[in-house]
Every structure is written in structure tokens, then in C-alpha cells.
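Protein sequence lines, in the order shown, are assigned to chains D and G.
Under this note's numbering, the residues of the first sequence are numbered 1251 to 2023, in order.
Under this note's numbering, the residues of the second sequence are numbered 31 to 205, in order.
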Amino acid sequence: MQLKMELPEDILLLLADVSIQKNNILLCTDTDLDVSGNYAQEWLVVTESRILRIGAEISEHYGTSRILLDIPVDSIKSARIDGRVGSSFLEVEVDDYFQEILRFSNVYAQRFGKVVGKINELVKGRSIIITEEDDEDRRRCSKCGRVISATGGVCPKCLNKGAVFIRFLKLMTPYWPTGLMIFVFLICGIFLDLLPPRLTKMLVDNVFGGDVPPKWFLSIANVFDATDPMSWLVILVFSLATAQLLRICINIINGRLATKMGTQIAFDLRQRVYERLQELSISYYDRNQVGQLMTRVNQDIEELQGFVWQVTHGFIVNMLLLVGIGIMLFTMNPTLALYILLPTPLVASSTYIFWRFVRPKYRRYWDRRAKLNGILYAAFSGVRVVKAFAQEAREAARFKLYSHNLREAKIGVDVASSTFHPIVGFIFNLGGLIVWYAGGKDVLADTITLGTLMAFLGYLGMFYGPLAQIINMSQWLTSFMTAAHRMFDILDTEPEIVDVPYAKDIDIQGEIEFSNVTFGYFRHNPILKDMNLKINSGEMIGIVGPSGSGKTTLINLICRFYDPNEGVVKIDGLDIRTISKTCLRRQIGLVLQEPFLFRGTIAENIAYGRPDASFEEIMEAAKAANAHDFIVRFPDGYDTKLGESGSGLSGGERQRVSIARALLCDPKILILDEATSSVDTESERAIQEALSILTKGRTTIAIAHRLSTLRNSDRIIVMEDGRIKEMGTHSELMELDGLYHRLVIIQLQLTKDSESISQLAEESRLQRVAGDN
Amino acid sequence: MSNMCYSKIKYIHPDCVRFFNDEKTNSLSVKLDCKVYNHVKVYRTSPISYPTKYISLRVGTSSSEETEIGIIRDPDSLPLESRALIERELDKRYFIHIITKIHSIKEEFSFLYWDVDTDKGRKEFVVASRAHHRITEYGENGRIILDLDWNRYQIPDLRDLDEQSRRLFYRYIYW
Ligand SMILES: Nc1ncnc2c1ncn2[C@@H]1O[C@H](COP(=O)(O)OP(=O)(O)OP(=O)(O)O)[C@@H](O)[C@H]1O
Ligand SMILES: [Mg+2]
């Protein structure tokens, strides 16, 4: 087990010297770095009373192990991981500082995250228990130990490729009727493809050459009373024309069917992936960049659509065509057919060259194009900043650089493909030359007819193309597998925040309780530390504290965007995890620090959480949020269209619309995170008054930096560094003379300053007036 | 602005500062203007543009309490032992592999498997391919590569790599 590894003999002896026996060891694990940052195996040993690091002394006795550090547990207050650049340290708090215990590279981060937890348990006087679960590392494949991109995802190496394929085909089952139709038409099409060279052979041998046509042809010809070569010619040419016409018809029908099916499949898959992404927890979005997710939704599925096309038009057709042509060639003349296979190695190497050297150039081109798009997007959406700092010239220069890169890539693509294609063309022609020579000799020697030679040449023209594609197939499959795998990766990702099976829908009263809650976005870096807090139902709570102290994080836990690492969050005395997510969130009104509005009208935005709200209710909510008046003043009133993410409104206006949106839901718990920070003082007062009426009977939690906002609160919580520092009413806290008191004084100072500034302005105005007189 | 009071960067004059090792905890102590600071941490303010200059000396046990004592413009102006101590502390903070040669890069599914020589020995690691934010520019011609575990690998200057390594690099990474 990772946290209870077998120690080597010499270290056990070393430990015995300091009277530590094997059965005293509670935890024992190794690391890959020494403290100075060299790769070296060192050991961490934890007993009931001591923490030791054992490793090789660098200077003397190189290679022999020694005890490098020995700290008594009772001198330790806590343990933590200090993440640095590229590696981390395990540290323990002794006296007033953190002592470095050992160092590990990021590969071991998960393991030492657990170690820290265990040591903290020990420090608190609880015992260390190591379970099977501690071994589990969800970031690594359990089979091969390779890192998996997403937590709990599928390892690409151990992925059963056949399984992916079968799974994908299963996804396709609903489309089988269309698929079958396409297939039938395909077979017909291939027969039609194989016909013309055969007919050409007859044309040459029987019509012009004077050979007697085969019996079946004669019997058909008899039906039309055709007995001389001239009428045979008519029949043959007519058949050729019919074959070509039919072929075209089939192409048209099949093209339509395949497009319909392909886009339908893409449509369905895109929808499934999108819905799954929406279900996933916020933490998934912390880990994955929004841009990448967009690529997944769009590009990967496009690739799958391409695959459907490949199936219907690509390799199935090619395979069948190849078999058909093969049969034709070998029945006509096996030796000559063997000659045709001579250039196959060349064809194979040409496809290798394509995938190795030409296709990367395409990818480079696509990537650079995407990059240039990104630059354009950033420059246009930040156009105000660009202009404000008068940096148009520099942006232009930057654009030029990337545009130049794109041009280089494009040249690379064009040079490669314009070299590659003619060479491949020549290779394909090589077969023709061989047939001309080898077959020509046979014709001269009268062992085959001229018609056979012509037919051979005809089939040859159709042979190498499909051959090259078939050889390509493994590459196509790889790129398809990658896309399919990425898609299944999303479809298979389980949301981390899930309802327990017995999750209930309840009517929330609004009592909130945190008991011993510890939480961090990364396990080893707790943001909230051992929080205990009880908020009564109907209470109005204000939260203040320095930036980064964990206020928003606290709220994220109440909304259950994340689950705590330790402890429980309770609502009405129930563990929040036993309340169904939708029920919980429907009863929480949330106004975010950065209000996000959607494209649509103002009314639609206010009614976002309750689309069935009547217009009067919408107006009522807007009025309460002090938004009604500015909305009515717009030419289109409540029907004013907002652009992307609410553009068209000022910062304060946006905040007020989002307050209205929260109020409309009539939530039992109302959470305002800096909801009035961009609103002028007068509107704020109006909103305050409205809130003080509206918040009757609901629990309200308001975060604010402007302390005056919170003076109506029943209680104010002062947070610092993930802990509750002070708590009480405004006057209690002022009396306490702590952090809150200091913050209030500073803010008063600031307002005083601004008052004195306006006073100054007034004075100077008076002086000017006096001077004018 | 000149008569207003606002925070300024404090640059430490080489003559006013002394560095010594705290034997007990093996950490850095600094004596500056007659005041002694223990457990001093040393950061590079600009690891890429000025890796050996503008060194920030900081105290405090957690990120929220941390404060800067001052900045050393150029450690080269300090005595040798002081420089060695600063160097030691920098080594504790930064753990970076400098790639000197690329043996191979293989692409499989959406991952790049690297096999490289670094200043810390031969290493193999995996990077998500097409993850542009994991392979970023480092100065003018260099690159920083973050593998799936967020380990850091750097190529200070692509032009200093041998021809074969460079070609391998450019085949898969072209941004
Ligand atoms: N999604 C996230 N992933 C990782 N770390 C995060 C994330 N969100 C916040 N943090 C970190 O958690 C800490 C607390 O953040 P939080 O948003 O709770 O602060 P806050 O008290 O709301 O600050 P502010 O007053 O500036 O809004 C910060 O150090 C921040 O860097
Ligand atoms: Mg916040």
C-alpha cells in the first residue's frame, strides 16, 4: 500500500537504533526528491510520537541512509503542503513557523495530500487509519499507471479499441433503416462501377476485333434482333450510357441519404454531449477550459460526422470495390493481375509519407488559423482597451506576426501537397505503364486480346485510389477513435455532485449550519478551515473580510456547487447532500459578484429562473431591485434586447437586473455576493430599503466591501484566511475593537476624505465667485 | 504624486543587508537595517525575463500573511556566501527540468509521449497534445512544457537544441 510501504532492511536497522520497531510505524511512504531538489528516494516514517525523514546524506557516506530529520509529534500544531513551482514541500507547524519535512515532485501530489490529512489527524490526537481507499488514485489508470486527462476518465492506452467501435456502432443503431438503404445502393453502385470496362472489352474484341461474342450476349442481342456488329455497337454504347446514368442517380440518392444521416447523428450526439456537460459540476469547469469544451462539442463531433461519411463512402465502398476489381482482374488474367500488385509497396509508402509529413502540415495550418482567430477575437472584444491605451499599432503588429505565421503554414501545406500529389499520381500511373508493357507483350504474342488489355487498364484506373485509402484506414480509425474516445469521455464523466438515491424535495425554512467544514478547490490547499456557523432562518447576515478570504467559497458550498472535503453543511438540520439539487437551488436566490445576463430581452432575463412568471410579477421584482425606472426609460422598456453577456447595460444596471432575477424566484434563502458594489449610493439605499421589506421571512446572506450596506444586518461575520474571525452585530463588533472596527475606521476615513474634497471644491467655487465680483 | 504617501518597492542596498543560515531549521535569516527576519523565502519576480535579477525576499507563514521585506536588484553585487544562500533558497522554490535533447516524441490518441534528456537526467513524460495552454512560450525562442502532473520542463532556447531534437519538436508543436 502506498501509505504503508515496505521499508528496506538497512532503514529498519537504522530505526531500531533509535528504538522504533516495525510495528510502531503508523505510516511509511517514499518520495522522489531530496530537499535540494535532486531525484533521490527518501522515506517518511510516522509513529505515534515522531515524524522522521530518512535518506542518503549527500556529502559524506554517499549511498548510506541516515535519519535526516526527527520531529516529536507533540511539538507540531498542524501539517500542510506548500505547493511551489514544479514541486511541493510537506511542512509542519512548530512554534511559529513551518518546518520543511520533505519534498516531492508533482507526481506524488495526491499521495502527500492524503499524508497531510493523516498527520493532522494524529496531531489532533486521533489515530491514523490507512484503508484500501487511500491507495486509489483516480487520476491514474488502474491498469497501467498512466495519467488520465480527466479525473475518473478512461485511459487511452488501456482502452479497448474494439469496444469503442462497438459502442459507437450501438449509438448508430437508431439509424439502421437509412444505413441499410445506403448499403444496398452502395452494392448496386459498385456493380455499375465494374460494368463499363467489361463492356469496353466486348466493344474492342467482339465489335471491332471480329471475335464471336459470348453466348449470353448473343441471347440478349437476339431479343433485339441484333445480329451484326453494327447493332451490337448500338446495344453496347446504349448499355454504357445506361450504366453511367444509373450510377449518377445512385450517387445523388446516396449522397442525400448519407448527408441526412450524418448530420442527424451529429445533431443527436452534440445534444447529448451538451446536456451531459450542463449536468457536470462546477469543479469540472474549473479543470477544463471553456474553450476546450467548446472544441469538444463542435470539432470532435464534426470528426465523428466525417467518420459516418467515411463508413458510407469511404472504406466500405473501397473495400468492396477492391474485392470486385480483384476478382475481375484475376479471372481475366491472373499473371497480369499480379503485375498490377507490383507498385503496392510504393502506394503504401506514399500513404505513410502523407500521414507522417503532409498531414502534420495541415494540422499546423489549422492550429495557426485557430490562433489567429483567437487573436482577432481578443482584439475586437477588447477594442475599448486597445483604443484607450492607443495601442492600435501594436495590435496591428501582433496581428501581422500571427498572420505571417499563418501564411508560412499555408505555404508549407501547399508546397507539401503540390509535391506530394504529382508524385502519388506518378506512382498510380506506374501500374498503367506496367500493364501497357507486360500486357502489350501478351497482346503481340496473341496470348490475350486487345479488349482484355483495355479492360485491365480500365480497372486499373479504379484500383490504386481505393487501395491507398484502405492502407490509410488504420490512420483514419485512429483519428476517429480519438474523437469518439473524447466524446465518450464526456458522456462517461459522472458529475461529482450527485443526488443521493434517497434525496428529498423539501420546503426549506432557511436555517443554515456549517459544522466542522473544511474545503479547498484543491484538496491540499484548504480555503475554508474548520468552519462552524449557524444561521437562523429569517436572519439577515452580512459577511465582510479581505479579498480572497473565502466569502464566495462559503456561498459556493451553501449552493452546493462543491461538496466540503470534511464536515457537513446542513439546511434545516438536514445534510445538504440529502436534499435534491434542483429543489435546493430553486429555493436559493443568488446574485453573483459578476452578474451574468444572457442574450435576450430584459424581461426574459428577469424571468430566467421562473419562465412562467407573469409580467406584473416581473415588474414587481424589478421595482424592488430599483431597476424598474431605468428600464422603463429605455425606448423598448422591458423588451429591450441585451447583447452577449448583458452588453448594453451599465455595471450597476446589470447588477440590479440580476437582483430582480433573484427576487422573482421568491427564494427562501437570498444570497447577495457584492450585489450592490457597482450601484451608486442612492440606488443602494433604495435597494436596501426594498430588501429590508423583502428579506422579512427569508434568510439573507449579503457580502459587501462597503460596510454601510450591512448596517441593517442582524449579525455580521468577519472572515479572514478561511476562518471566522469575529461575529456579532455592528455595535458589538465596534466595541470589540478588532478587524471590523479597523475596516470601519478606514472606510470612514475615506468618506471623510471625499467629503473634505467636495468641501474644498465648494470653497474654491465660492472664492472664484467672490473674485468675479 | 511626490508628496503623497503610497507604497513603494523597497530595493535593498547590498551594504545594508546580511544573510545567514539558521542552523536549527536550515532556513534563511536576513538582517536588514538592524532588524532580523527569520524563515525568509526567496522568489524570482520575473523568472523568465530576469531569472537572476530582482529577487524578492519575503516573510510570512501563509500566502495571505506574506509580506515583502524588499527586493535585491542584483544578487551578483552580494558576497559569495550570501549568493550561495540565495541560490539554495531558490532551488527550494523552483523545480524545473531543462530539456537538453529530445530522443523521441510519439503521438497516441490525444497524448504526446516524450523521451528527453534533461539537466536532471533522462525523463519520460506525457503531455496532452493540442493543449496549447500546457505548452507555452518562454521568452523569445523558448518553451515551457507542463506534463499531465504539472511537472515543469523548459527549453530555454529552441535554437540551442540539436537539429534532430528541434525537428521532432516542431513536428508536433507548432505554436
Ligand atoms: N475555482 C477556483 N479554483 C481554485 N481556487 C479558487 C477558485 N475560486 C477561488 N479560489 C481561491 O480561493 C480563495 C478564496 O476565494 P473567494 O472567491 O472565496 O474569495 P472572496 O472572499 O470571495 O474574495 P473577494 O472579496 O475578492 O470576492 C482565493 O485565494 C482564490 O484564489
Ligand atoms: Mg468573492
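Here a beta-carbon is modelled for each residue, glycine too, at the ideal position from N, C-alpha and C.
Straight-line Cα distance separating residue j from residue i
i: glycine 1402 of chain D; j: alanine 1705 of chain D; result: Low per-residue confidence applies at glycine 1402 of chain D: pLDDT is 45, beneath 50, and the placement is therefore not dependable enough to give any value.
i: methionine 1255 of chain D; j: glutamate 95 of chain G; result: 37 Å
i: leucine 1922 of chain D; j: isoleucine 1953 of chain D; result: 6 Å
i: arginine 196 of chain G; j: glutamine 184 of chain G; result: 14 Å
i: methionine 1781 of chain D; j: isoleucine 1762 of chain D; result: 13 Å
i: tyrosine 73 of chain G; j: phenylalanine 49 of chain G; result: 15 Å
i: arginine 1606 of chain D; j: leucine 1622 of chain D; result: 25 Å
i: glutamate 69 of chain G; j: asparagine 51 of chain G; result: In the sequence under discussion, the amino acid at residue 69 of chain G is histidine, which differs from the glutamate named in the question. Taking the straight line from one Cα to the other gives about 10 Å.
i: phenylalanine 1418 of chain D; j: histidine 1735 of chain D; result: 10 Å
i: glycine 1624 of chain D; j: isoleucine 1721 of chain D; result: 36 Å
i: glutamine 1252 of chain D; j: valine 1968 of chain D; result: 41 Å
i: isoleucine 1777 of chain D; j: histidine 1955 of chain D; result: 19 Å
i: leucine 1651 of chain D; j: phenylalanine 141 of chain G; result: 29 Å
i: phenylalanine 1769 of chain D; j: serine 1355 of chain D; result: 23 Å
i: glutamate 1292 of chain D; j: cysteine 1278 of chain D; result: 11 Å
i: threonine 1513 of chain D; j: glutamine 1555 of chain D; result: 7 Å
i: alanine 1400 of chain D; j: glycine 1367 of chain D; result: Residue placement at alanine 1400 of chain D cannot be trusted, given a pLDDT of 49 that sits under 50; the coordinates are not used to answer.
i: lysine 83 of chain G; j: tyrosine 41 of chain G; result: 12 Å
i: alanine 1413 of chain D; j: aspartate 1742 of chain D; result: 14 Å
i: tyrosine 1425 of chain D; j: phenylalanine 1738 of chain D; result: 19 Å
i: threonine 91 of chain G; j: asparagine 1855 of chain D; result: 45 Å
i: threonine 1802 of chain D; j: serine 1927 of chain D; result: 14 Å
i: tryptophan 180 of chain G; j: arginine 1361 of chain D; result: 15 Å
i: leucine 62 of chain G; j: alanine 158 of chain G; result: 46 Å
i: phenylalanine 2030 of chain D; j: asparagine 1548 of chain D; result: Outside the shown range of chain D (1251 to 2023) lies residue 2030 of chain D, about which nothing can therefore be said.
i: arginine 1948 of chain D; j: glycine 1978 of chain D; result: 19 Å
Distance cut-off 8 Å: residue i Cβ against heavy atoms of ligand 1
i: phenylalanine 1772 of chain D; result: yes
i: lysine 1801 of chain D; result: yes
i: serine 1797 of chain D; result: yes
i: aspartate 1923 of chain D; result: yes
i: isoleucine 1777 of chain D; result: yes
i: leucine 1840 of chain D; result: no
i: leucine 1804 of chain D; result: yes
Proximity test, residue i beta-carbon vs ligand 2 heavy atom, cut-off 8 Å
i: glutamate 1970 of chain D; result: no
i: glutamate 1982 of chain D; result: no
i: isoleucine 1953 of chain D; result: yes
Proximity below 9 Å, CB of residue i to CB of residue j
i: histidine 127 of chain G; j: aspartate 149 of chain G; result: yes
i: glycine 1701 of chain D; j: lysine 1451 of chain D; result: yes
i: serine 1667 of chain D; j: valine 1597 of chain D; result: no
i: leucine 1340 of chain D; j: valine 1365 of chain D; result: yes
i: aspartate 187 of chain G; j: glutamate 170 of chain G; result: yes
i: alanine 1871 of chain D; j: alanine 1925 of chain D; result: no
i: cysteine 1833 of chain D; j: isoleucine 1756 of chain D; result: yes
i: leucine 1372 of chain D; j: isoleucine 1378 of chain D; result: yes
i: alanine 1629 of chain D; j: phenylalanine 1649 of chain D; result: yes
i: isoleucine 129 of chain G; j: isoleucine 203 of chain G; result: no
i: methionine 1731 of chain D; j: phenylalanine 1474 of chain D; result: no
i: leucine 1527 of chain D; j: isoleucine 1868 of chain D; result: no
Any non-hydrogen atom of ligand 4 closer than 8 Å to residue i Cβ
i: glutamine 1843 of chain D; result: In the structure on display, ligand 4 does not appear, and the ligands it does have are ligand 1 and ligand 2.
Chain-ordered chain C contacts of residue i [CB-CB under 8 Å]
i: glutamine 1349 of chain D; result: Structure shown: chain C not included; protein chains present are D and G.
Presumed contact (8 Å Cβ cut-off) between residue i and residue j, rounded CB distance
i: glutamate 1789 of chain D; j: arginine 1961 of chain D; result: That pair is no contact at about 15 Å.
i: leucine 1572 of chain D; j: leucine 1717 of chain D; result: 6 Å
i: isoleucine 1919 of chain D; j: isoleucine 1838 of chain D; result: 5 Å
i: valine 1558 of chain D; j: isoleucine 1590 of chain D; result: Not a contact, Cβ separation roughly 32 Å.
Check: Counting pairs of beta carbons, one from the segment 1826-1833 of chain D and one from the segment 1736-1752 of chain D, are three or more of them closer than 8 Å?
Finding: yes
Note to self: For the pair the segment 1562-1576 of chain D and the segment 1679-1690 of chain D, tell me if three or more CB-CB distances fall below 8 Å.
What the structure shows: no
Note to self: Closer than 8 Å is the cut-off here; do at least three beta carbon pairs connect the segment 1792-1808 of chain D with the segment 1846-1853 of chain D?
What the structure shows: no
Check: Just checking, does the segment 1491-1500 of chain D make contact with the segment 1441-1460 of chain D on the three C-beta pairs under 8 Å criterion?
Finding: yes
Check: For the 8 Å Cβ check, are there 3 or more pairs between the segment 1511-1521 of chain D and the segment 1478-1494 of chain D?
Finding: Verdict: no, contact absent.
Note to self: Under 8 Å: do the segment 1507-1516 of chain D and the segment 1470-1481 of chain D share three or more Cβ pairs, one atom per stretch?
What the structure shows: no
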